[in-house]
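If you want my numbering, it's the position in the sequence shown, counting the first as 1, plus 140.
Notes for the one structure printed next.
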Amino acid sequence: MNISSDPSNVPTPPPSAPVESKFLSRFADTDSLFSRPIVSVNQQRGSAIALERFQQLEQSIRNSPATPEPYVELGQIYLNQERWSDARRVLEAGVKSCPEHEPLVVLREDLILHQASQLVEQAKLATAQKLSEENKYALEQAEINFANERIHVCKDRYGRHPDQREILINWAIGLRQLSRFDEAVELLNKATDAPELRARASLQLGMCYQILNRPLEALSAFRKASMFRAPPPEPKIRQRALELALELSEELSLIDSARYYAEQLLVDCDKSKRNPIEKRLKRLESMDL
Numbered sequence: 141m142n143i144s145s146d147p148s149n150v151p152t153p154p155p156s157a158p159v160e161s162k163f164l165s166r167f168a169d170t171d172s173l174f175s176r177p178i179v180s181v182n183q184q185r186g187s188a189i190a191l192e193r194f195q196q197l198e199q200s201i202r203n204s205p206a207t208p209e210p211y212v213e214l215g216q217i218y219l220n221q222e223r224w225s226d227a228r229r230v231l232e233a234g235v236k237s238c239p240e241h242e243p244l245v246v247l248r249e250d251l252i253l254h255q256a257s258q259l260v261e262q263a264k265l266a267t268a269q270k271l272s273e274e275n276k277y278a279l280e281q282a283e284i285n286f287a288n289e290r291i292h293v294c295k296d297r298y299g300r301h302p303d304q305r306e307i308l309i310n311w312a313i314g315l316r317q318l319s320r321f322d323e324a325v326e327l328l329n330k331a332t333d334a335p336e337l338r339a340r341a342s343l344q345l346g347m348c349y350q351i352l353n354r355p356l357e358a359l360s361a362f363r364k365a366s367m368f369r370a371p372p373p374e375p376k377i378r379q380r381a382l383e384l385a386l387e388l389s390e391e392l393s394l395i396d397s398a399r400y401y402a403e404q405l406l407v408d409c410d411k412s413k414r415n416p417i418e419k420r421l422k423r424l425e426s427m428d429l
């Protein structure tokens, strides 16, 4: 499946320029995977703990392979030291021996996603340094792998925790990144049943409907995402929904609606962003309805 842009349309960046992933950024609403990303600490600090402890934990695992806690602690030590291969080895062995221990399963899942995102970042860096067909293909494959891993982890995690409906949104984002739009819409409709999730789910629904060439449904979803009152949407969600609603209204020649969304953007936007929105609103106000 080819999901990258036409390479002939991609300008060559200078070697030091960061490469923004058009694939992933196109489908993101705000930064998110799960609420507990893996964060590395200073390696010397981790080593001070590990040198005294990791051999004891390895011995505990050998003596009592069905006890989950040593796997979790040792896996976390390796994560803190950024020893990803060792961490994965320990956590996969732990999940195999203790498949019902949720902290162990979750830590392994988070590591899988972290490693997949690392591959994307490495591929982006390589593409920034040398924009070749080989590097662009490697970036595309890393992005596809990341989306697939997201789908797999979300499916498994939601199967264990069907009450955690925020997982549905992350799952749907992965599906949409792979152009599986109908499946994404089905999950997002489930997520909108939860008041605390409906703004973000509606934003994602609008993005899906837009790609499915259902513009009026997309516009309705963007409006809902920006206008929910109880609870109100997060500022980033509201701003993104208003931006997309404004663009789509103009495309559909719904000038009155476009004016309204521009006015709403001015209410919330930073001072640094006011000038272009004010110019856009002035242009809209000069147009006939």
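Where is the CB? At the ideal position from N, CA and C, for every residue including glycine.
For Leu279 against Ile309, the beta-carbon gap comes to about 25 Å, at or over 8 Å, which does not count as contact. DSSP, reduced to helix, strand and coil, places Phe368 outside both helices and strands of the structure shown, so it counts as coil. Listed in chain order, the non-local C-beta contacts of Glu323 below 6 Å within the same chain comprise Leu315, local neighbours out to five positions each way being set aside.
When the beta-carbon positions are compared, Gln379 and Leu343 stay at least 8 Å from each other.
Lys413 and Lys419 have their alpha carbons spaced roughly 11 Å apart. Closest in alpha carbon position to Glu336, among Glu283, Leu253, Ala365 and Glu273, is Ala365. Of the other Cβ atoms in all chains shown, 16 or more fall within 10 Å of the Cβ of Gly215; this residue is therefore buried. Nearest in C-alpha terms to Leu384, of all of Tyr349, Arg248, Ala370 and Arg290, is Tyr349. Leaving aside the five residues that flank Pro355 on each side, the residues in its chain whose CB is nearer than 8 Å to its CB run, in chain order, Tyr349, Leu388, Glu391 and Leu392. DSSP places Ser393 in the coil class of the three-state scheme, outside both helix and strand. Ser237: member of the alpha helix (DSSP H) spanning Trp224 to Ser237, first to last residue. Taking every protein chain shown into account, the CB of Arg369 has fewer than 16 other CB atoms within 10 angstroms, so this residue is exposed. In the same chain as Val212, and ignoring 5 residues on each side of it, the C-beta atoms closer than 6 Å to its own belong to Pro243 and Leu244, in chain order. Take the alpha-carbon of Ala339 and the one of Gly299: they are about 23 Å apart. The beta carbons of Gln255 and Trp224 sit about 6 Å from each other, so the pair counts as a contact at 8 Å. Sorting Asp408, Ile395 and Lys411 by C-alpha distance to the C-alpha of Leu421 places Ile395 at the top. Under the criterion of beta carbons closer than 8 Å, Tyr218 and Val230 qualify as touching, at roughly 6 Å. The beta carbon of Leu345 is closer than 6 Å to those of Leu328 and Ala361 in its chain, skipping five residues each way along the sequence.
In the structure shown, the three-state DSSP call for Asp296 is helix. Each of Asp408, Ile313, Glu209 and Tyr277 was checked against the Cα of Val260, and the nearest Cα belongs to Tyr277.
Residue environment: Arg363 is assigned as buried (16 or more neighbouring CB atoms within 10 Å of its CB, all protein chains considered). Look at His241 here: in three-state DSSP terms it is coil, with no helix or strand label. In the three-state reduction of the DSSP assignment, Asn353 falls in the coil class. In the three-state DSSP reduction, Glu383 falls in the helix class (H, G or I). Distance from the Cα of Arg248 is smallest, within the candidate group Pro210, Asn220, Arg228 and Leu271, for Arg228.
Taking all protein chains shown into account, Met427 has fewer than 16 neighbouring C-beta atoms within 10 Å of its C-beta and is therefore exposed. Shown here, Cys348 sits in a helix according to DSSP, grouped into three states.
Closest by C-alpha distance to Val293, out of Ile307, Ala282, Asp333 and Ala266, is Ile307.
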